[in-house]
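S.K.:
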Amino acid sequence: MTNETTAPASGSIMVVGGGISGLTTALEAAEVGYEVYLVEKNPYLGGRVAQLNQYFPKLCPPTCGLEINFRRIKDNPRIQVLTLAQVAKVDGAPGNNNVSVDIKPRYVNEKCTVCGDCAEACGADVSDIFNFGMGKKKGAHLPFEMAFPARFILSPEIIGTDAAQKAKDACKYDAIDLNMEAKTLDLNVGAIVWATGWQPYDAAKIDNLGFGQYDNIITNMMMERLAAPNGPTQGQILRPSDDKAPESVAFVQCAGSRDENHLPYCSYICCMASLKQATYVRERSPEAKIYIFYIDMRAPGQRYEKFYQTIKDDENVFFIKGKVAEVSEDAATKAVTVVAENAVTGEKIHQTVDMAVLATGMQPTAAEAKLPADLKYNADGFIINDFEKGGMFAAGCANKPADVVSSNQNATGMALKAIQTLARK
Ligand SMILES: Cc1cc2nc3c(=O)[nH]c(=O)nc-3n(C[C@H](O)[C@H](O)[C@H](O)COP(=O)(O)OP(=O)(O)OC[C@H]3O[C@@H](n4cnc5c(N)ncnc54)[C@H](O)[C@@H]3O)c2cc1C
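Numbering-wise (the working numbering), the sequence shown opens with residue 6 and increments by one.
Structure (structure tokens):
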């Protein structure tokens, strides 16, 4: 007879990446009794999901799901969260890895009450990567209002300037430490799960689609930020050239995806993301017309298919099967023209709209920044799981393009693989 509610467990697991996949792996392992180090390079947890406006197909805000996970982390003393942290070196073997983790200074300590006085006082504006460069943010800022850890950060750009000193002087709680330095932690862990996720494919590399050349051609992740209540326009979808609400929007599917010159694979979620974003526009402008240019519409599974059907039933949404050849903007009117050949009728289409959204795919972060460990990658930079060798595993979009549900399922599986490594030690 015992009151023990967890399985006997010993040893520690490192989870690299604090997006939805890393959060899931960390929580699943910690909640059965393992010590977990959660290593995240951003100053906050949540990964790309924190930048989304709503989740398909339920259209609820992702912050709800994230908040539940943040609460579980807060309540679990077995998880040690390291933000602004990156793995520098891994040595050893399954069951016994020595890991060096580099941690950048935040310049704000745990006394921060999130009062915001430092932001008011510092006066400096810096570029806003969270919003993909749309708008500016204060040199002292909270990454986003539900950020975990709930603590301000000083941008490295303002360190050594008057702005940093003004922020420090304004803090009543002695929470700003301008002498904070970078440090390295040396840790020993039995298993490592890499949940390093994805980054948006750089749309500027797709010459014919006009991104970076014309204001009113944006990417799908920019659309998420425009539609988000905590985004640069407080949730109003406004076209960048003149802040006008667009009355017509074109979505260009497979922008760089399934294309040997860019990303040869399907990112799995882009069709669903555009269908979802069509609802963002239609909700705000009941008369707005939506044109979705696609090669094949992919809405995998019954729930996604049902969502696709709902959007199809909207008489203001037009689906055009045809690969887009060119997107450009008129210098005088700022109208955007999408050129494509309709694959069903053979007709050449020149569709003029107020704004175009490029549905760019997900590229693994490891494609451009290989990780400091003995890992195998496929040609596109996704980490291949070597279950024979064991000890290190990839979860979520570090392993393959996936939606949140599949990422969570995969991340739960990888928690089990990590636990098995420790159990076999
Ligand atoms: C436009 C768009 C809309 C989408 N909408 C939806 C939707 O509505 N519903 C849905 O189910 N899915 C949606 N998705 C997909 C969803 O974003 C992914 O399924 C999800 O982000 C996968 O989570 P992840 O944790 O694997 O990766 P990420 O979210 O990328 O998280 C990875 C984390 O790892 C960190 N990291 C990276 N490298 C390192 C490193 N070396 N060291 C430490 N930390 C590191 C990153 O900072 C990040 O926090 C959408 C995708 C796009 C492009």
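Even glycine gets a Cβ: it sits at the ideal position worked out from N, Cα and C.
Measuring from the CB of residue 53, is there a heavy atom of ligand 1 at a distance below 6 Å?
M.R.: Translated into positions along the sequence shown, residue 53 becomes position 48. Result yes, Cβ under 6 Å from ligand 1.
S.K.: With distances taken Cα to Cα, identify the nearest neighbour of residue 216 among 17, 362, 60.
M.R.: Indexing the sequence shown from 1 puts residue 216 at position 211. Checking every option, the nearest Cα to that of residue 216 belongs to 362.
S.K.: Helix, strand or coil for residue 95? Go by DSSP, reduced to three states.
M.R.: In the sequence shown, the residue the question calls residue 95 occupies position 90. It is a strand residue.
S.K.: For residue 10, collect the residues of the same chain with a Cβ closer than 6 Å to its Cβ; drop the 5 residues on either side in sequence, then sort them by chain order.
M.R.: On the sequence shown, position 5 is the one that residue 10 refers to. Model confidence at residue 10 stands at a pLDDT of 49, short of 50, so the residue's coordinates are unreliable and nothing is read from them.
S.K.: If you drop the 5 nearest sequence neighbours on each side, which residues of the same chain put their C-beta closer than 6 Å to that of residue 162?
M.R.: Sequence index remark: in the sequence shown, residue 162 carries index 157 (1-based). Once the five neighbours on either side are set aside, the close Cβ partners of residue 162 are 131.
S.K.: In the DSSP output, what is residue 191 paired with across the bridge?
M.R.: In the sequence shown, residue 191 corresponds to position 186, counting from 1. DSSP lists 105 as partners of residue 191.
S.K.: Could you tell me whether the region 145–158 touches the region 90–97, where touching means 3 or more Cβ pairs closer than 8 Å?
M.R.: Not touching, per the Cβ criterion.
S.K.: Could you round the C-beta distance between residue 112 and residue 181 to whole angstroms and report it? I think they count as a contact, below 8 Å.
M.R.: Position 107 of the sequence shown, counted from the start, is the residue given in the question as residue 112. Position 176 of the sequence shown, counted from the start, is the residue given in the question as residue 181. Contact flag correct, Cβ pair sits at about 6 Å.
S.K.: Who are the Cβ neighbours of residue 99 in its own chain at under 6 Å, not counting the five residues just before and after it?
M.R.: Your numbering for residue 99 matches position 94 in the sequence shown. Counting only Cβ-Cβ distances below 6 Å, and skipping sequence neighbours, we find 395, 396, 426.
S.K.: Using DSSP's beta-bridge definition, name the partner residues of residue 346.
M.R.: Taking the first residue of the sequence shown as 1, we reach residue 346 at position 341. Residue 346 pairs with 353.
S.K.: Considering only the alpha carbon of each residue, which of 373, 342, 230 lies closest to residue 219?
M.R.: Residue 219 sits at position 214 when you count from the first residue of the sequence shown. For the residues 373, 342, 230, the minimum Cα distance to residue 219 belongs to 342.
S.K.: Given that a residue counts as buried once 16 or more other Cβ atoms are within 10 Å of its Cβ, and exposed if not, what is residue 237?
M.R.: Along the sequence shown, one-based indexing puts residue 237 at 232. The residue is buried, with at least 16 neighbouring Cβ atoms inside 10 Å.
S.K.: For residue 68 and residue 345, what's the separation of their Cα atoms in angstroms?
M.R.: Along the sequence shown, one-based indexing puts residue 68 at 63. Along the sequence shown, one-based indexing puts residue 345 at 340. Cα to Cα, residue 68 sits roughly 37 Å from residue 345.
S.K.: Taking the DSSP output, what are the residues bridged to residue 80?
M.R.: Mapped onto the sequence shown, residue 80 falls at position 75. Answer by DSSP bridge pairing: none, since residue 80 is not bridged.
S.K.: Kindly indicate which three-state DSSP category residue 11 falls into: helix, strand or coil?
M.R.: The residue labelled residue 11 in the question sits at position 6 within the sequence shown. With a pLDDT of only 48 at residue 11, under 50, the local geometry of the prediction cannot be trusted, and the value read off the model is given with reservation. Here residue 11 sits in coil by DSSP.
S.K.: Is it true that the CB of residue 230 sits closer than 7 Å to the CB of residue 347?
M.R.: Residue numbering aside, residue 347 sits at position 342 when the sequence shown is read from its first letter. Residue numbering aside, residue 230 sits at position 225 when the sequence shown is read from its first letter. Contact: no.
S.K.: Express the C-alpha separation of residue 23 and residue 423 in angstroms, rounding to a whole number.
M.R.: Taking the sequence shown and counting its residues from 1, the one referred to as residue 423 is at position 418. Taking the sequence shown and counting its residues from 1, the one referred to as residue 23 is at position 18. Rounded to whole angstroms, residue 423 to residue 23 spans 16 Å at the Cα level.
S.K.: Are the CB atoms of residue 251 and residue 359 within a distance shorter than 7 Å?
M.R.: Counting from one through the sequence shown, the residue named residue 359 turns up at place 354. Counting from one through the sequence shown, the residue named residue 251 turns up at place 246. Cβ atoms of residue 359 and residue 251: closer than 7 Å.
S.K.: Any heavy atom of ligand 1 closer than 6 Å to the Cβ of residue 417?
M.R.: For this step, residue 417 is matched to residue 412 along the sequence shown. Result no, Cβ not under 6 Å from ligand 1.
S.K.: Rounded to the nearest angstrom, what separates residue 45 and residue 306 at their Cα positions?
M.R.: The residue you call residue 45 lines up with position 40 of the sequence shown. The residue you call residue 306 lines up with position 301 of the sequence shown. Distance between the alpha carbons of residue 45 and residue 306 is about 32 Å.
S.K.: Going by CA-CA distance only, name the one from 29, 105, 104, 114 that's closest to residue 72.
M.R.: Translated into positions along the sequence shown, residue 72 becomes position 67. That would be 29, whose Cα lies nearest to the Cα of residue 72.
S.K.: How many angstroms separate the CA atom of residue 178 from the CA atom of residue 116?
M.R.: The residue given as residue 178 occupies position 173 in the sequence shown. The residue given as residue 116 occupies position 111 in the sequence shown. Cα to Cα, the separation comes out at about 6 Å.
S.K.: For residue 24, which residues does DSSP report across the bridge?
M.R.: If you number the sequence shown from 1, residue 24 lands on position 19. Answer is 51, bridged to residue 24.
S.K.: Using the Cβ count rule (16 or more neighbours within 10 Å means buried), how would you classify residue 393?
M.R.: Taking the sequence shown and counting its residues from 1, the one referred to as residue 393 is at position 388. Exposed.
S.K.: Is the separation between the beta-carbon of residue 259 and that of residue 175 shorter than 7 Å?
M.R.: Taking the first residue of the sequence shown as 1, we reach residue 259 at position 254. Taking the first residue of the sequence shown as 1, we reach residue 175 at position 170. Not in contact: residue 259 and residue 175 (Cβ atoms no closer than 7 Å).
S.K.: Nearest to residue 495 by alpha carbon, out of 335, 192, 101, 402?
M.R.: As displayed, the chain neither begins before 6 nor continues past 430, which places residue 495 out of reach and without an answer.
S.K.: Give the secondary structure of residue 334 by DSSP, where H, G and I count as helix, E and B as strand, and everything else as coil.
M.R.: Stepping through the sequence shown from its first residue, residue 334 is reached at position 329. Residue 334 falls in the strand class under three-state DSSP.
S.K.: Could you work out which residue in 370, 334, 327, 364 is closest to residue 349 when comparing CA atoms only?
M.R.: On the sequence shown, position 344 is the one that residue 349 refers to. Answer by Cα proximity: 327.
S.K.: For ligand 1, is there a heavy atom less than 6 Å away from the beta-carbon of residue 18?
M.R.: Translated into positions along the sequence shown, residue 18 becomes position 13. Residue 18: no, Cβ never under 6 Å from ligand 1.
S.K.: Please state whether the Cβ-Cβ distance between residue 367 and residue 272 is less than 7 Å.
M.R.: Reading the sequence shown from its first residue, position 362 is the one you call residue 367. Reading the sequence shown from its first residue, position 267 is the one you call residue 272. Yes. Within cutoff.
S.K.: Three or more beta-carbon pairs under 8 Å between the region 277–284 and the region 307–322, yes or no?
M.R.: Output reads yes: the region 307–322 touches the region 277–284.
S.K.: Thinking residue 312 and residue 304 are a contact (beta carbons under 8 Å), I'd like their distance in whole angstroms, please.
M.R.: Counting from one through the sequence shown, the residue named residue 312 turns up at place 307. Counting from one through the sequence shown, the residue named residue 304 turns up at place 299. Contact flag correct, Cβ pair sits at about 7 Å.
S.K.: Ligand 1 and residue 91: does the residue's C-beta get closer than 6 Å to at least one heavy atom of that ligand?
M.R.: By one-based count along the sequence shown, residue 91 stands at place 86. Yes, ligand 1 has a heavy atom inside 6 Å of this Cβ.
S.K.: Rounded C-beta distance between residue 228 and residue 56? I'm assuming under 8 Å.
M.R.: Counting from one through the sequence shown, the residue named residue 228 turns up at place 223. Counting from one through the sequence shown, the residue named residue 56 turns up at place 51. Actually they do not touch by this definition, with Cβ atoms about 11 Å apart.
S.K.: Alpha carbon to alpha carbon, how far is residue 38 from residue 12? Give it in angstroms, no decimals.
M.R.: Here residue 12 corresponds to residue number 7 of the sequence shown, with the count starting at 1. Here residue 38 corresponds to residue number 33 of the sequence shown, with the count starting at 1. Its pLDDT being 47, under 50, residue 12 is placed unreliably in this model, and the value from its coordinates should be taken loosely. Roughly 7 Å separates the two Cα atoms.
S.K.: Looking at the secondary structure, which residues open and close the beta strand (DSSP E) in which residue 238 lies?
M.R.: Reading the sequence shown from its first residue, position 233 is the one you call residue 238. Note, residue 238: premise wrong, no beta strand (DSSP E); not H, not E.
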